[in-house]
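Colleague:
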Ligand SMILES: Nc1ncnc2c1ncn2[C@@H]1O[C@H](COP(=O)(O)OP(=O)(O)OP(=O)(O)O)[C@@H](O)[C@H]1O
Ligand SMILES: [Mg+2]
C-alpha cells in the first residue's frame, strides 16, 4: 500500500514578529500526520500564541473549512525569537490549510501573512502592521496579507502588494486565486483640527519667544512660574506652531504608533503631543518591558513630550530620560539583542518655583524642601534643556486688555517653518534635521560667528561656569536665533539671548 510521502503533509508560511519598531521574519511550519487528534505549537510561543490553537480551530470550522482530525504540530522558527501576541493566527491557519491540502502550497512562497483571528473567522486588526510591511519588503516578499483595517497602513510601504482581507474565507479565496481585494489606498492625510491658538495667551512675551525658539530649533524647554501664569496653556500651543511633518517623518511617527497599537489605520500626518501624568512609571516614560514597548518619549517622536509639574515625576523616571534626550533614541536590551526605539521629541517641562507654589515673598517652604525640589531637577537633566524661562504671574491688565492683538499661531508657524527650512538645507547629509540634533562637529562647522560673538561666549562661559555641553548648547541655540532672523552668521546679540535662556538653568541648579 503506498504511503503518503512526508512533504505532502508539511507546509510552511512566512509571517513577522515585532521587534522594537521593526520586525523579524518568522516561519510557521505545520505538520499533519496520522495519530491522535492533538494540536501542538512549539518554538517559544507566549500564552497568546498557544491560545491560537483554539482560535484557529474554531475559525476554520466556522468558515466551512476542514480542521484536520489528525496529529498536528506547528513550529515557529527561529526558535530563539520570542513570539508574543495574536498576530501569528493567520499564518498558523494558512499553514494548517496548506498542510491539509485545502490551499495550494506552491503559491504560498510569495506571500507573507499577519493577522489575528476571531472564533467566527473574521480578521482582527493587529499592532505593528507597518513594521511588518517594511520587514516583508526587505525580505523580498511580493505580497502581504493583512486584516483589511491594517491595509492602508501597510500600503504606505511601496514595492509590495498589500492585500487587506476581512476574513479567513476570503484569505483562502486569495490564496486559491479566486478573489482579489481592491488595493488599499494609503489614507489621505486628515486635516489637523484647529489647535489652541497662541493668540489667546496674553503677555508672557519671554515665554512665547522661548516657545518659538524651541519650535524652530527643536530645543528642550523648561518653564518655571507661579500657578496660573499660563505654563500649561503655552505648552499645549507648541504643536500648533510646529510645521507639518514631512512624509518620511509621518512614516516614522506612524511606525511607533502602529507598534503601540495607537494607529488609526493610515498615516499619522500630525505631530504627536504626549502629556503623561507625573505618576507614570519609568518604563512607561522611556519604554521597556519583557516584550519591549515604546514609552511616552517614543510615542512623542517628531512631536512634543510635555511633562507638566516636572518636579513631581519620580527621580528614576527623570534620570532615565537623560540618555534618550541626548541621543534621540531609547536602547533596550533583551537577551542578546539590542532594541532601539526612536525618541526625537521636543521635551517641554513646567513647574512651580518651589513646592508650596506661593509667590516668593509668601513662600512657606524651608530649606530642606527647596533642596529636595532642586535635586529632582538634577544638574544632568537641566544640562539637556537649552531654554529655561521664568514666568511671572500676568498682570490683570494683560488678561483683560483685548485691544493688543497677540500674534496668532499661523504667523509664528510661518517663521518657524522658514527657520527649519534653512536648517534642513544647511544640515543636509549630516543626519540631523534641526539645530538641536547637531553633533559637536556640525555645531562647530556651522557656527560662523561674526566678530564679537566669540568673545561674548567666552565671557558668558566665565560668568556662568558653563559645562562643555552647556557651551555647545548655547551655540546651537544661538544658531537657531540667527536662523529665525534669517541670518547666516551668529551675531553677539544672538549669543547673548541664548546665554540668557541658559542662565535660568544654572540658577535652578544652584
Ligand atoms: N497669560 C495668559 N493669558 C491668557 N490666559 C491665561 C494666561 N495665564 C493664565 N491664563 C488663564 O488661566 C488658566 C490657567 O492657566 P495654566 O493652566 O496655563 O496655568 P499654569 O501656569 O499651568 O498653572 P499651574 O502651575 O497651577 O499648573 C488658563 O486656562 C487661562 O484661562
Ligand atoms: Mg499647569
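Numbering (this note's numbering), first residue to last: 128 to 637.
Built from N, CA and C at the ideal position, the CB exists for glycine as well.
Bear in mind the structure is a predicted one, so any value in this text is a computation, not a measurement.
What's the gap between the Cα of residue 226 and the Cα of residue 192?
Modeller: Computed Cα separation, rounded: 13 Å.
Colleague: Would you call residue 433 buried or exposed, if buried means 16 or more other Cβ atoms sit within 10 Å of its Cβ?
Modeller: Looking at its Cβ environment, which holds 16 or more other Cβ atoms inside 10 Å, residue 433 is buried.
Colleague: I'd like the span of the beta strand (DSSP E) that includes residue 166, first residue to last.
Modeller: Its beta strand (DSSP E) spans residues 166-169.
Colleague: Judging by CA-CA distance, which residue of 555, 274, 217 is the nearest neighbour of residue 157?
Modeller: Comparing Cα-Cα distances from residue 157 to each of 555, 274, 217, the minimum goes to 217.
Colleague: Of the choices 354, 337, 311, whose alpha-carbon is the least far from that of residue 393?
Modeller: Selected option, being the one with the closest Cα: 311.
Colleague: Which value, in whole angstroms, describes the spacing of the CA atoms of residue 602 and residue 436?
Modeller: Cα-Cα distance, rounded: 28 Å.
Colleague: Is residue 475 helix, strand or coil when you go by DSSP?
Modeller: Strand.
Colleague: What number of angstroms, rounded off, separates the C-alpha of residue 542 from the C-alpha of residue 611?
Modeller: In a straight line, the C-alpha of residue 542 is about 7 Å away from that of residue 611.
Colleague: Give the straight-line distance between the Cα atoms of residue 350 and residue 171, rounded to the nearest whole angstrom.
Modeller: Their Cα atoms are separated by approximately 48 Å.
Colleague: Starting from the N-terminal side, write out each stretch of the beta strand (DSSP E) that is 3 residues or longer and does not extend beyond the stretch 253-326.
Modeller: With a minimum length of 3 residues, the continuous beta strand (DSSP E) runs that stay inside the stretch 253-326 are 270-274, 288-292.
Colleague: Which of the three DSSP states is assigned to residue 462 in this structure?
Modeller: Coil at residue 462, not helix or strand.
Colleague: Taking only the alpha-carbon atoms, compute the straight-line gap between residue 454 and residue 547 and give it to the nearest angstrom.
Modeller: Going from the Cα of residue 454 to the Cα of residue 547 covers about 20 Å.
Colleague: For the beta strand (DSSP E) that residue 149 lies in, which residues bound it at each end?
Modeller: That run of the beta strand (DSSP E) goes 149-160.
Colleague: Just the residues with CB closer than 6 Å to a heavy atom of ligand 2, in chain order, which are they?
Modeller: Residues with a Cβ closer than 6 Å to any heavy atom of ligand 2, in chain order: 358, 359, 435, 477.
Colleague: For my contact list, residue 405 and residue 376 are in at a C-beta cut-off of 8 Å; report their separation, rounded to the angstrom.
Modeller: Residue 405 to residue 376, Cβ: 28 Å. No contact.
Colleague: Restricting to Cα atoms, I'd like to know which of 142, 136, 146 is closest to residue 416.
Modeller: That would be 146, whose Cα lies nearest to the Cα of residue 416.
Colleague: On the DSSP bridge assignment, give the partners of residue 200 in chain order.
Modeller: 158, 167, per the DSSP bridge assignment.
Colleague: Check whether the stretch 479-496 and the stretch 440-454 touch, using three or more Cβ-Cβ pairs below 8 Å as the test.
Modeller: Counting Cβ pairs under 8 Å, fewer than three are found: no touch.
Colleague: Determine the DSSP secondary structure at residue 349, reduced to helix, strand or coil.
Modeller: Three-state result, residue 349: strand.
Colleague: Straight-line CA distance for residue 614 to residue 511?
Modeller: One C-alpha to the other measures close to 25 Å.
Colleague: Let me make sure I understand the geometry here. Which of 246, 554, 240 has the alpha-carbon closest to that of residue 274?
Modeller: Out of 246, 554, 240, 240 has the C-alpha closest to the C-alpha of residue 274.
Colleague: Rounding to the nearest angstrom, what Cα-Cα distance links residue 370 and residue 418 in this structure?
Modeller: Approximately 34 Å between the Cα atoms of the pair.
Colleague: Taking 7 Å as the cut-off, is the beta-carbon of residue 328 closer than that to any non-hydrogen atom of ligand 1?
Modeller: Result yes, Cβ under 7 Å from ligand 1.
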